[in-house]
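Position one of the sequence shown corresponds to residue 1399 (this note's numbering), numbered consecutively onward.
A virtual CB, placed ideally from N, CA and C, is assigned to each residue, including glycine.
Some notes on the structure that comes next.
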Amino acid sequence: MISPGSIVRRVSMAFRRNATLADLADRLAALHGDAVAVEEFPDDGPSIRITHAEAAATVARWSSAVAARSPVGRPVVIATVNSYEQLLLCLAVARAGGLPAPVNPQMRSVEIDHVIADSGATLVIRSGDELDTGAGSRTPPVPPYPAHPGEVAALFYTSGTTGRPKGAELTHRALVGQVSGAALWPGFMRHDEVLLSLPVAHIMGFATLLGLAVAGVPVAFVPRFSPTRVLDLIEQRRVSAFVGVPAMYRMLLEAGAEYRDLTSVRAWMSGADVMPPDLARAFKGFGASATLPLVGPVGEAAFVEGYGMVEIGGGAAAKVSPPMLPVGLGDSLGVPLPGWRFRVADGDGRRVPPGQVGELQLRGPGVLRGYWGDPDATASALSPDGWLRTGDLVRSGLFGLVAFQGRSKHVIKSGGYSVYPLEIEADLEEHPDVLEAAVVGLDDDHLGEVPVAAVRLRPRARVTTEELVSWAAERMAHYKAPRRFVIVDDLPRTGTRKVQRDELLPLFST
(Lines of atoms letter the chains of each structure in order from A and count residues from 1; the text may use other names and numbers.)
(Lines give C-alpha, C1' and ligand atoms only; values in the text may rest on other atoms or scores of the structure.)
Protein backbone atom coordinates (compact mmCIF):
# COMPACT_ATOMS: atom_id res chain seq x y z
CA MET A 1 0.00 0.00 0.00
CA ILE A 2 1.30 3.45 -0.91
CA SER A 3 1.56 5.70 2.13
CA PRO A 4 0.34 9.33 2.10
CA GLY A 5 3.92 10.41 2.79
CA SER A 6 5.26 8.67 -0.32
CA ILE A 7 2.53 10.29 -2.42
CA VAL A 8 3.49 13.74 -1.15
CA ARG A 9 7.18 13.03 -1.85
CA ARG A 10 6.35 11.83 -5.37
CA VAL A 11 4.26 14.90 -6.04
CA SER A 12 6.92 17.18 -4.59
CA MET A 13 9.52 15.71 -6.95
CA ALA A 14 7.21 16.12 -9.95
CA PHE A 15 6.19 19.68 -9.06
CA ARG A 16 8.95 21.51 -7.34
CA ARG A 17 8.75 25.29 -7.24
CA ASN A 18 10.81 25.50 -10.44
CA ALA A 19 8.15 23.89 -12.66
CA THR A 20 7.70 25.75 -15.95
CA LEU A 21 5.49 25.66 -18.99
CA ALA A 22 8.50 24.27 -20.88
CA ASP A 23 8.74 21.05 -18.88
CA LEU A 24 5.12 20.77 -17.74
CA ALA A 25 4.10 18.01 -20.17
CA ASP A 26 7.03 15.83 -19.07
CA ARG A 27 6.17 16.36 -15.40
CA LEU A 28 2.52 15.48 -16.01
CA ALA A 29 3.51 12.28 -17.81
CA ALA A 30 5.79 11.33 -14.91
CA LEU A 31 3.02 11.98 -12.40
CA HIS A 32 -0.08 10.65 -14.18
CA GLY A 33 1.30 8.39 -16.95
CA ASP A 34 -1.39 6.57 -18.92
CA ALA A 35 -4.30 8.19 -17.10
CA VAL A 36 -6.70 10.03 -19.41
CA ALA A 37 -6.07 13.77 -19.54
CA VAL A 38 -8.96 14.74 -21.80
CA GLU A 39 -11.69 13.39 -24.00
CA GLU A 40 -12.58 15.95 -26.64
CA PHE A 41 -16.00 16.07 -28.32
CA PRO A 42 -15.72 17.82 -31.70
CA ASP A 43 -18.77 18.94 -33.68
CA ASP A 44 -18.47 16.00 -36.04
CA GLY A 45 -16.79 12.64 -35.76
CA PRO A 46 -15.97 10.49 -32.76
CA SER A 47 -14.52 11.78 -29.51
CA ILE A 48 -10.74 11.96 -29.11
CA ARG A 49 -9.13 10.58 -25.94
CA ILE A 50 -5.60 11.63 -24.93
CA THR A 51 -3.54 10.35 -21.99
CA HIS A 52 -0.89 12.37 -20.20
CA ALA A 53 1.85 10.14 -21.65
CA GLU A 54 0.50 10.61 -25.19
CA ALA A 55 0.26 14.36 -24.67
CA ALA A 56 3.89 14.54 -23.52
CA ALA A 57 5.09 12.56 -26.54
CA THR A 58 3.18 14.85 -28.90
CA VAL A 59 4.53 17.97 -27.21
CA ALA A 60 8.10 16.67 -27.44
CA ARG A 61 7.72 15.82 -31.13
CA TRP A 62 6.21 19.18 -32.03
CA SER A 63 8.77 21.09 -29.98
CA SER A 64 11.57 19.77 -32.21
CA ALA A 65 9.79 21.16 -35.26
CA VAL A 66 9.21 24.51 -33.54
CA ALA A 67 12.87 24.74 -32.51
CA ALA A 68 13.92 24.21 -36.13
CA ARG A 69 11.67 27.04 -37.36
CA SER A 70 11.71 29.74 -34.69
CA PRO A 71 14.50 31.09 -32.45
CA VAL A 72 14.46 30.91 -28.67
CA GLY A 73 12.68 33.77 -26.94
CA ARG A 74 10.52 34.82 -29.89
CA PRO A 75 6.71 34.79 -30.02
CA VAL A 76 4.90 32.07 -31.96
CA VAL A 77 1.25 32.75 -32.75
CA ILE A 78 -1.01 29.71 -32.41
CA ALA A 79 -4.06 30.38 -34.57
CA THR A 80 -5.76 26.98 -34.52
CA VAL A 81 -9.38 26.07 -33.97
CA ASN A 82 -10.39 25.83 -30.33
CA SER A 83 -9.15 22.42 -29.21
CA TYR A 84 -6.94 20.61 -26.73
CA GLU A 85 -4.40 20.61 -29.54
CA GLN A 86 -4.07 24.36 -29.06
CA LEU A 87 -3.02 23.80 -25.45
CA LEU A 88 -0.48 21.15 -26.47
CA LEU A 89 0.93 23.48 -29.13
CA CYS A 90 1.44 26.14 -26.45
CA LEU A 91 3.37 23.61 -24.37
CA ALA A 92 5.41 22.57 -27.42
CA VAL A 93 6.40 26.16 -28.21
CA ALA A 94 7.39 26.74 -24.58
CA ARG A 95 9.37 23.47 -24.55
CA ALA A 96 11.33 24.78 -27.53
CA GLY A 97 12.06 28.04 -25.70
CA GLY A 98 9.55 30.15 -27.61
CA LEU A 99 6.71 32.35 -26.36
CA PRO A 100 3.32 30.90 -27.32
CA ALA A 101 0.70 33.50 -28.22
CA PRO A 102 -2.63 31.68 -28.65
CA VAL A 103 -5.42 33.54 -30.40
CA ASN A 104 -9.14 32.98 -30.16
CA PRO A 105 -10.51 31.49 -33.40
CA GLN A 106 -13.54 33.75 -33.00
CA MET A 107 -11.31 36.70 -33.83
CA ARG A 108 -11.51 37.96 -37.41
CA SER A 109 -8.53 37.85 -39.72
CA VAL A 110 -7.81 41.57 -39.29
CA GLU A 111 -7.58 41.06 -35.52
CA ILE A 112 -5.33 38.03 -35.84
CA ASP A 113 -3.15 39.96 -38.29
CA HIS A 114 -2.72 42.65 -35.63
CA VAL A 115 -1.55 40.07 -33.07
CA ILE A 116 0.93 38.63 -35.57
CA ALA A 117 2.31 42.08 -36.42
CA ASP A 118 2.35 43.42 -32.86
CA SER A 119 4.08 40.36 -31.43
CA GLY A 120 6.64 40.18 -34.23
CA ALA A 121 5.91 36.46 -34.42
CA THR A 122 8.54 34.42 -36.23
CA LEU A 123 6.12 31.55 -36.79
CA VAL A 124 2.35 31.17 -37.10
CA ILE A 125 0.89 27.71 -36.47
CA ARG A 126 -2.61 27.02 -37.76
CA SER A 127 -2.66 23.25 -37.14
CA GLY A 128 -0.53 20.66 -35.43
CA ASP A 129 -0.34 18.84 -38.76
CA GLU A 130 1.98 21.60 -40.01
CA LEU A 131 4.62 20.41 -37.54
CA ASP A 132 4.40 16.76 -38.57
CA THR A 133 6.18 17.48 -41.86
CA GLY A 134 8.97 19.81 -42.91
CA ALA A 135 11.85 21.28 -40.91
CA GLY A 136 12.51 19.53 -37.60
CA SER A 137 9.66 17.04 -37.96
CA ARG A 138 12.07 14.09 -38.00
CA THR A 139 14.50 15.47 -35.42
CA PRO A 140 14.65 13.40 -32.21
CA PRO A 141 13.17 15.27 -29.23
CA VAL A 142 15.62 17.27 -27.15
CA PRO A 143 15.32 18.16 -23.44
CA PRO A 144 12.94 21.01 -22.54
CA TYR A 145 14.33 24.53 -22.69
CA PRO A 146 15.79 25.37 -19.22
CA ALA A 147 13.42 28.22 -18.43
CA HIS A 148 13.41 30.11 -15.12
CA PRO A 149 10.04 30.45 -13.35
CA GLY A 150 10.38 34.24 -13.38
CA GLU A 151 10.88 34.43 -17.15
CA VAL A 152 8.09 35.36 -19.53
CA ALA A 153 6.39 32.12 -20.63
CA ALA A 154 3.62 33.26 -22.96
CA LEU A 155 1.76 36.22 -24.43
CA PHE A 156 -1.99 36.41 -23.94
CA TYR A 157 -3.59 39.18 -25.93
CA THR A 158 -6.25 41.31 -24.32
CA SER A 159 -8.01 44.35 -25.66
CA GLY A 160 -6.75 47.63 -24.26
CA THR A 161 -7.84 51.19 -23.83
CA THR A 162 -5.34 52.23 -26.50
CA GLY A 163 -7.79 50.72 -28.97
CA ARG A 164 -5.91 47.54 -29.98
CA PRO A 165 -5.22 44.20 -28.27
CA LYS A 166 -2.10 44.18 -26.10
CA GLY A 167 0.09 41.19 -25.32
CA ALA A 168 0.19 40.48 -21.58
CA GLU A 169 3.57 39.00 -20.67
CA LEU A 170 2.84 36.14 -18.27
CA THR A 171 5.62 34.27 -16.50
CA HIS A 172 6.03 30.56 -15.88
CA ARG A 173 5.33 31.27 -12.21
CA ALA A 174 2.05 32.93 -13.17
CA LEU A 175 0.84 30.11 -15.40
CA VAL A 176 2.30 27.01 -13.74
CA GLY A 177 3.34 28.01 -10.23
CA GLN A 178 -0.18 29.06 -9.31
CA VAL A 179 -1.68 25.66 -10.22
CA SER A 180 1.14 23.36 -9.07
CA GLY A 181 -0.55 22.82 -5.70
CA ALA A 182 -3.31 20.96 -7.56
CA ALA A 183 -0.90 18.01 -7.81
CA LEU A 184 -1.87 17.19 -4.21
CA TRP A 185 -5.47 16.60 -5.30
CA PRO A 186 -6.71 13.43 -3.53
CA GLY A 187 -6.32 10.33 -5.68
CA PHE A 188 -9.87 9.10 -5.06
CA MET A 189 -11.21 12.31 -6.64
CA ARG A 190 -9.26 11.71 -9.86
CA HIS A 191 -12.07 9.41 -10.97
CA ASP A 192 -14.31 12.45 -11.32
CA GLU A 193 -14.73 14.16 -14.67
CA VAL A 194 -15.05 17.90 -15.25
CA LEU A 195 -16.84 19.23 -18.32
CA LEU A 196 -15.85 22.56 -19.80
CA SER A 197 -16.45 24.37 -23.06
CA LEU A 198 -14.17 27.40 -22.92
CA PRO A 199 -11.73 28.90 -25.43
CA VAL A 200 -8.19 27.66 -24.77
CA ALA A 201 -6.91 31.08 -25.85
CA HIS A 202 -8.97 32.71 -23.07
CA ILE A 203 -7.01 32.77 -19.82
CA MET A 204 -9.88 31.17 -17.89
CA GLY A 205 -9.94 28.18 -20.24
CA PHE A 206 -6.15 27.89 -20.37
CA ALA A 207 -5.62 28.12 -16.60
CA THR A 208 -8.49 25.73 -15.85
CA LEU A 209 -7.14 23.09 -18.24
CA LEU A 210 -3.65 23.41 -16.72
CA GLY A 211 -4.99 23.11 -13.19
CA LEU A 212 -7.08 20.04 -13.97
CA ALA A 213 -4.15 18.41 -15.78
CA VAL A 214 -1.89 18.96 -12.78
CA ALA A 215 -4.58 17.58 -10.46
CA GLY A 216 -4.97 14.52 -12.67
CA VAL A 217 -8.70 15.11 -13.08
CA PRO A 218 -9.96 13.99 -16.52
CA VAL A 219 -11.69 16.59 -18.67
CA ALA A 220 -14.61 16.28 -21.05
CA PHE A 221 -13.81 19.13 -23.43
CA VAL A 222 -16.41 20.58 -25.81
CA PRO A 223 -14.63 22.95 -28.23
CA ARG A 224 -17.81 24.72 -29.38
CA PHE A 225 -20.37 25.47 -26.70
CA SER A 226 -23.86 24.18 -27.37
CA PRO A 227 -26.25 24.21 -24.39
CA THR A 228 -28.15 21.15 -25.60
CA ARG A 229 -24.97 19.17 -26.20
CA VAL A 230 -23.51 20.13 -22.82
CA LEU A 231 -26.70 19.03 -21.05
CA ASP A 232 -26.67 15.77 -23.01
CA LEU A 233 -23.06 15.06 -22.04
CA ILE A 234 -23.65 15.84 -18.36
CA GLU A 235 -26.50 13.31 -18.34
CA GLN A 236 -24.70 10.67 -20.40
CA ARG A 237 -21.29 10.86 -18.72
CA ARG A 238 -22.49 11.75 -15.21
CA VAL A 239 -19.80 14.39 -14.86
CA SER A 240 -19.01 15.72 -11.39
CA ALA A 241 -18.42 19.39 -12.22
CA PHE A 242 -19.03 21.97 -14.92
CA VAL A 243 -16.95 25.09 -15.58
CA GLY A 244 -18.44 27.98 -17.56
CA VAL A 245 -19.18 31.68 -17.66
CA PRO A 246 -22.52 33.20 -16.55
CA ALA A 247 -23.74 33.57 -20.14
CA MET A 248 -23.42 29.79 -20.55
CA TYR A 249 -25.47 29.16 -17.43
CA ARG A 250 -28.21 31.43 -18.78
CA MET A 251 -28.25 29.48 -22.05
CA LEU A 252 -28.30 26.14 -20.21
CA LEU A 253 -31.31 27.31 -18.22
CA GLU A 254 -33.14 28.42 -21.36
CA ALA A 255 -32.31 25.07 -22.99
CA GLY A 256 -34.26 23.26 -20.26
CA ALA A 257 -31.64 22.49 -17.59
CA GLU A 258 -34.35 22.19 -14.94
CA TYR A 259 -35.89 19.26 -16.83
CA ARG A 260 -32.62 17.31 -17.11
CA ASP A 261 -31.02 14.90 -14.65
CA LEU A 262 -27.98 16.91 -13.54
CA THR A 263 -27.69 15.31 -10.11
CA SER A 264 -24.24 13.90 -10.87
CA VAL A 265 -22.86 17.45 -10.63
CA ARG A 266 -21.43 18.20 -7.19
CA ALA A 267 -19.88 21.55 -8.09
CA TRP A 268 -20.78 24.25 -10.58
CA MET A 269 -17.96 26.70 -11.31
CA SER A 270 -18.04 30.13 -12.91
CA GLY A 271 -15.81 33.10 -13.64
CA ALA A 272 -14.96 35.91 -16.08
CA ASP A 273 -18.15 37.85 -15.26
CA VAL A 274 -20.64 38.52 -12.47
CA MET A 275 -22.88 35.55 -11.68
CA PRO A 276 -26.47 36.55 -10.76
CA PRO A 277 -27.24 34.99 -7.34
CA ASP A 278 -30.62 33.62 -8.48
CA LEU A 279 -28.97 31.80 -11.37
CA ALA A 280 -26.32 30.26 -9.11
CA ARG A 281 -29.00 29.25 -6.62
CA ALA A 282 -31.00 27.50 -9.35
CA PHE A 283 -28.04 25.43 -10.51
CA LYS A 284 -27.15 24.46 -6.95
CA GLY A 285 -30.58 22.86 -6.80
CA PHE A 286 -30.10 21.01 -10.08
CA GLY A 287 -27.03 19.19 -8.72
CA ALA A 288 -26.62 17.02 -5.63
CA SER A 289 -24.20 16.57 -2.73
CA ALA A 290 -24.01 12.81 -3.27
CA THR A 291 -25.84 9.82 -4.68
CA LEU A 292 -26.49 7.14 -2.06
CA PRO A 293 -27.32 3.46 -2.66
CA LEU A 294 -31.06 2.75 -2.35
CA VAL A 295 -31.66 6.44 -1.70
CA GLY A 296 -30.47 8.25 -4.80
CA PRO A 297 -29.36 11.90 -5.06
CA VAL A 298 -29.37 13.88 -1.82
CA GLY A 299 -28.74 17.53 -1.03
CA GLU A 300 -27.61 20.04 -3.60
CA ALA A 301 -24.37 21.00 -5.37
CA ALA A 302 -21.86 23.65 -4.38
CA PHE A 303 -21.33 26.76 -6.48
CA VAL A 304 -17.81 28.16 -6.88
CA GLU A 305 -17.03 31.57 -8.35
CA GLY A 306 -13.60 32.89 -9.23
CA TYR A 307 -12.31 36.39 -9.84
CA GLY A 308 -9.45 36.87 -12.27
CA MET A 309 -8.23 38.38 -15.51
CA VAL A 310 -5.66 37.96 -18.24
CA GLU A 311 -3.18 40.25 -16.53
CA ILE A 312 -2.78 37.90 -13.56
CA GLY A 313 -2.62 34.62 -15.45
CA GLY A 314 -5.85 33.28 -13.98
CA GLY A 315 -7.60 33.85 -10.67
CA ALA A 316 -6.86 35.88 -7.55
CA ALA A 317 -9.96 35.24 -5.44
CA ALA A 318 -12.70 32.66 -5.03
CA LYS A 319 -15.88 32.14 -3.08
CA VAL A 320 -17.89 29.02 -2.41
CA SER A 321 -21.58 28.61 -1.73
CA PRO A 322 -21.70 25.21 0.03
CA PRO A 323 -24.58 22.77 -0.42
CA MET A 324 -27.73 23.61 1.54
CA LEU A 325 -26.38 26.97 2.71
CA PRO A 326 -27.45 30.32 1.17
CA VAL A 327 -24.05 31.90 1.74
CA GLY A 328 -21.31 32.79 -0.71
CA LEU A 329 -23.67 34.45 -3.16
CA GLY A 330 -23.96 38.14 -3.93
CA ASP A 331 -21.49 40.84 -4.86
CA SER A 332 -18.42 39.84 -2.80
CA LEU A 333 -15.42 38.80 -4.89
CA GLY A 334 -14.56 36.18 -2.29
CA VAL A 335 -11.39 35.37 -0.39
CA PRO A 336 -7.96 36.14 -1.88
CA LEU A 337 -6.18 32.99 -3.04
CA PRO A 338 -2.80 32.11 -1.46
CA GLY A 339 -0.11 34.60 -2.36
CA TRP A 340 -2.51 37.37 -3.37
CA ARG A 341 -3.08 40.72 -1.66
CA PHE A 342 -5.85 43.22 -2.33
CA ARG A 343 -6.06 46.93 -1.73
CA VAL A 344 -8.79 49.40 -2.57
CA ALA A 345 -7.26 52.67 -3.72
CA ASP A 346 -8.22 56.06 -5.03
CA GLY A 347 -6.85 57.60 -8.21
CA ASP A 348 -3.59 58.49 -6.47
CA GLY A 349 -2.98 54.98 -5.13
CA ARG A 350 -3.98 55.79 -1.54
CA ARG A 351 -6.09 53.26 0.34
CA VAL A 352 -9.69 54.31 0.78
CA PRO A 353 -11.42 53.92 4.16
CA PRO A 354 -13.62 50.84 4.74
CA GLY A 355 -17.04 51.22 3.20
CA GLN A 356 -15.93 53.54 0.44
CA VAL A 357 -15.65 52.71 -3.24
CA GLY A 358 -12.29 52.64 -4.96
CA GLU A 359 -10.33 50.75 -7.58
CA LEU A 360 -9.31 47.20 -6.77
CA GLN A 361 -5.56 46.75 -7.04
CA LEU A 362 -3.78 43.40 -6.84
CA ARG A 363 -0.38 42.11 -5.90
CA GLY A 364 0.66 38.49 -6.24
CA PRO A 365 2.61 35.81 -8.09
CA GLY A 366 0.70 36.05 -11.35
CA VAL A 367 0.85 39.77 -12.14
CA LEU A 368 2.03 40.35 -15.68
CA ARG A 369 5.58 41.51 -16.28
CA GLY A 370 4.26 44.10 -18.71
CA TYR A 371 2.61 44.52 -22.08
CA TRP A 372 4.71 43.30 -25.00
CA GLY A 373 6.45 46.23 -26.65
CA ASP A 374 4.23 48.80 -24.92
CA PRO A 375 5.99 50.54 -22.01
CA ASP A 376 3.33 53.25 -21.78
CA ALA A 377 0.54 50.71 -21.30
CA THR A 378 2.70 48.86 -18.76
CA ALA A 379 3.27 52.03 -16.76
CA SER A 380 -0.46 52.73 -16.82
CA ALA A 381 -1.36 49.23 -15.59
CA LEU A 382 1.26 48.89 -12.84
CA SER A 383 1.63 51.35 -9.99
CA PRO A 384 5.13 52.56 -9.04
CA ASP A 385 5.03 50.27 -5.99
CA GLY A 386 4.12 47.18 -8.04
CA TRP A 387 0.35 46.90 -7.73
CA LEU A 388 -1.83 46.00 -10.72
CA ARG A 389 -4.59 48.50 -11.41
CA THR A 390 -7.59 46.35 -12.36
CA GLY A 391 -9.99 49.14 -13.29
CA ASP A 392 -12.74 47.37 -11.31
CA LEU A 393 -14.63 49.40 -8.74
CA VAL A 394 -15.18 47.73 -5.36
CA ARG A 395 -16.28 48.63 -1.84
CA SER A 396 -14.01 47.49 0.98
CA GLY A 397 -15.71 45.63 3.80
CA LEU A 398 -15.11 43.53 6.90
CA PHE A 399 -12.36 40.91 7.11
CA GLY A 400 -10.64 42.25 4.01
CA LEU A 401 -13.49 41.24 1.70
CA VAL A 402 -14.45 43.53 -1.15
CA ALA A 403 -17.81 43.90 -2.86
CA PHE A 404 -17.99 44.45 -6.60
CA GLN A 405 -19.63 47.78 -7.44
CA GLY A 406 -19.38 47.98 -11.19
CA ARG A 407 -17.18 48.04 -14.25
CA SER A 408 -14.44 50.50 -14.82
CA LYS A 409 -15.81 53.37 -16.82
CA HIS A 410 -15.59 51.96 -20.31
CA VAL A 411 -15.10 48.19 -20.14
CA ILE A 412 -17.97 46.04 -21.39
CA LYS A 413 -18.30 42.49 -20.03
CA SER A 414 -19.98 40.34 -22.66
CA GLY A 415 -20.27 36.59 -22.21
CA GLY A 416 -17.13 36.46 -20.07
CA TYR A 417 -15.05 38.62 -22.43
CA SER A 418 -13.71 42.08 -21.65
CA VAL A 419 -14.66 44.34 -24.56
CA TYR A 420 -13.12 47.78 -24.88
CA PRO A 421 -15.09 50.50 -26.71
CA LEU A 422 -12.06 52.31 -28.11
CA GLU A 423 -11.00 49.22 -30.04
CA ILE A 424 -14.45 48.81 -31.56
CA GLU A 425 -14.71 52.53 -32.32
CA ALA A 426 -11.40 52.46 -34.17
CA ASP A 427 -12.66 49.59 -36.34
CA LEU A 428 -16.03 51.24 -37.00
CA GLU A 429 -14.36 54.45 -38.09
CA GLU A 430 -12.62 52.51 -40.85
CA HIS A 431 -16.02 52.22 -42.56
CA PRO A 432 -16.03 54.74 -45.42
CA ASP A 433 -19.35 56.27 -44.32
CA VAL A 434 -18.63 56.54 -40.58
CA LEU A 435 -17.15 59.80 -39.34
CA GLU A 436 -17.23 59.07 -35.60
CA ALA A 437 -18.40 56.24 -33.38
CA ALA A 438 -19.11 55.84 -29.68
CA VAL A 439 -19.70 52.42 -28.11
CA VAL A 440 -21.31 51.50 -24.79
CA GLY A 441 -22.56 48.34 -23.12
CA LEU A 442 -26.28 47.57 -23.07
CA ASP A 443 -27.69 45.13 -20.50
CA ASP A 444 -28.47 41.72 -22.00
CA ASP A 445 -30.24 38.77 -20.36
CA HIS A 446 -27.96 36.21 -22.03
CA LEU A 447 -24.51 37.79 -22.12
CA GLY A 448 -24.62 40.30 -19.28
CA GLU A 449 -23.89 43.18 -21.64
CA VAL A 450 -23.56 43.61 -25.40
CA PRO A 451 -21.85 46.45 -27.29
CA VAL A 452 -24.03 48.97 -29.10
CA ALA A 453 -22.88 51.97 -31.12
CA ALA A 454 -23.95 55.51 -31.91
CA VAL A 455 -22.37 56.85 -35.10
CA ARG A 456 -22.05 60.14 -36.97
CA LEU A 457 -21.97 59.68 -40.72
CA ARG A 458 -20.00 61.53 -43.35
CA PRO A 459 -21.87 63.98 -45.59
CA ARG A 460 -24.03 62.28 -48.24
CA ALA A 461 -23.50 58.85 -46.64
CA ARG A 462 -26.26 56.35 -47.38
CA VAL A 463 -25.39 53.42 -45.11
CA THR A 464 -28.21 52.04 -42.94
CA THR A 465 -28.06 50.69 -39.39
CA GLU A 466 -28.80 47.18 -40.70
CA GLU A 467 -25.85 47.43 -43.09
CA LEU A 468 -23.59 48.57 -40.25
CA VAL A 469 -24.63 45.58 -38.14
CA SER A 470 -23.73 43.23 -41.00
CA TRP A 471 -20.45 45.02 -41.74
CA ALA A 472 -19.33 44.84 -38.11
CA ALA A 473 -20.32 41.17 -37.78
CA GLU A 474 -18.14 40.29 -40.76
CA ARG A 475 -15.13 42.21 -39.47
CA MET A 476 -15.06 41.68 -35.71
CA ALA A 477 -15.20 38.82 -33.23
CA HIS A 478 -18.84 38.12 -32.38
CA TYR A 479 -18.49 39.38 -28.81
CA LYS A 480 -17.10 42.71 -30.06
CA ALA A 481 -19.48 43.43 -32.95
CA PRO A 482 -22.19 45.96 -31.93
CA ARG A 483 -25.66 44.40 -31.90
CA ARG A 484 -27.43 47.70 -32.57
CA PHE A 485 -26.60 51.06 -34.14
CA VAL A 486 -28.20 54.47 -34.01
CA ILE A 487 -27.29 57.28 -36.38
CA VAL A 488 -27.04 60.72 -34.76
CA ASP A 489 -26.25 64.23 -35.90
CA ASP A 490 -23.90 64.69 -32.97
CA LEU A 491 -22.81 62.85 -29.85
CA PRO A 492 -23.47 64.10 -26.30
CA ARG A 493 -20.32 65.79 -25.04
CA THR A 494 -18.79 67.47 -22.03
CA GLY A 495 -17.52 71.00 -22.02
CA THR A 496 -14.14 69.72 -23.15
CA ARG A 497 -15.78 67.85 -26.06
CA LYS A 498 -15.35 64.42 -24.56
CA VAL A 499 -18.17 62.02 -25.35
CA GLN A 500 -20.53 61.52 -22.40
CA ARG A 501 -21.03 57.78 -22.64
CA ASP A 502 -23.60 57.64 -19.85
CA GLU A 503 -25.91 59.78 -22.00
CA LEU A 504 -25.75 57.35 -24.92
CA LEU A 505 -27.81 54.58 -23.32
CA PRO A 506 -31.17 56.42 -23.60
CA LEU A 507 -30.68 56.34 -27.38
CA PHE A 508 -31.19 52.57 -27.21
CA SER A 509 -34.21 52.53 -24.90
CA THR A 510 -36.67 51.88 -27.71
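- Counting along the chain, G1609 sits inside no beta strand (DSSP E); it lies in the alpha helix (DSSP H) bounded by residues I1601 to A1613.
- The C-beta of G1642 has 16 or more other C-beta atoms within 10 Å across all chains shown, which makes the residue buried.
- Nearest Cα to R1664 within the set P1721, T1908 and S1816: P1721.
- Taking a C-beta distance under 8 Å as the contact criterion, G1762 and R1748 do not qualify as a contact pair.
- By alpha-carbon distance to T1531, the top candidate from E1483, S1578, L1487 and W1460 is W1460.
- Across the set T1908, R1891 and M1874, the C-alpha of T1908 shows the shortest separation from the C-alpha of V1884.
- Residue state for D1841 is assigned as strand, using DSSP reduced to three classes.
- Under the three-state reduction of DSSP, T1776 is assigned to helix.
- Take the alpha-carbon of A1451 and the one of D1424: they are about 8 Å apart.
- Per DSSP, reduced to three states, the secondary structure at T1788 is strand.
- In the three-state scheme derived from DSSP, where H, G and I count as helix and E and B as strand, L1629 is classed as helix.
- In the DSSP assignment, L1497 forms a beta bridge with P1473.
- Setting aside the 5 residues that flank it on each side, Q1576 is surrounded in the same chain by G1711, G1712, P1763 and G1764, each with a C-beta closer than 7 Å to its C-beta; the list follows chain order.
- For P1544 and E1827, the gap between their C-alpha atoms comes out near 46 Å.
- The residues R1648, in chain order, have a CB closer than 7 Å to that of D1843 in the same chain once the five nearest residues on each side in sequence are set aside.
- Residue environment: P1751 is assigned as exposed (fewer than 16 neighbouring CB atoms within 10 Å of its CB, all protein chains considered).
- Note: K1811 is bridge-paired with S1816 in the DSSP secondary-structure output.
- The beta carbon of V1837 lies closer than 6 Å to those of P1819, I1822, E1823, P1849 and A1851 in the same chain, with the five residues before and after it left out.
- In this structure, L1594 sits near V1617, with a CB-CB distance shorter than 8 Å.
- Nearest to T1776 by C-alpha distance, out of A1653, G1768 and A1700, is G1768.
- Boundaries of the alpha helix (DSSP H) harbouring V1457: H1450 to R1467, taken from the DSSP string.
- In this structure, L1487 lies away from G1471, with their beta-carbon atoms at least 8 Å apart.
- Rounded to whole angstroms, the separation of the alpha carbons of I1632 and M1667 is 14 Å.
- By the criterion of at least three beta-carbon pairs nearer than 8 Å, the region 1475 to 1492 is in contact with the region 1511 to 1526.
- At a Cβ-Cβ threshold of 8 Å, A1435 and I1448 count as neighbours.
- Going by beta carbons, W1785 and L1766 fall outside the 8 Å limit.
- The alpha carbon of E1567 has as its nearest neighbour, out of G1813, V1702, K1682 and L1780, the alpha carbon of L1780.
- Proximity of the region 1699 to 1709 to the region 1672 to 1685 meets the contact definition, three or more beta-carbon pairs being nearer than 8 Å.
- Taking a contact as a CB-CB distance under 8 Å, the pair V1615 and V1592 counts as one, their CB atoms being some 6 Å apart.
- Remark: C-beta atoms of V1598 and P1644 do not approach each other more closely than 8 Å.
- Shown here for S1468: same chain residues with a beta carbon closer than 6 Å to its own, the five before and five after excluded, namely V1474, G1496, T1520 and L1521 in chain order.
- Around the beta carbon of T1478, 16 or more other beta carbons sit within 10 angstroms, so the residue counts as buried.
- Taking S1794 as the centre and dropping the five residues before and after it, the same chain places the C-beta of V1742, P1752 and V1800 closer than 6 Å to its C-beta, in chain order.
- Taking a C-beta distance under 8 Å as the contact criterion, G1789 and E1834 do not qualify as a contact pair.
- Between the C-alpha atoms of A1875 and D1888 there is a straight-line separation of about 27 Å.
- The beta carbon of A1580 sits closer than 7 Å to the beta carbons of G1609, V1612 and A1613 from its chain, once the five residues preceding and following it are set aside; these are given in chain order.
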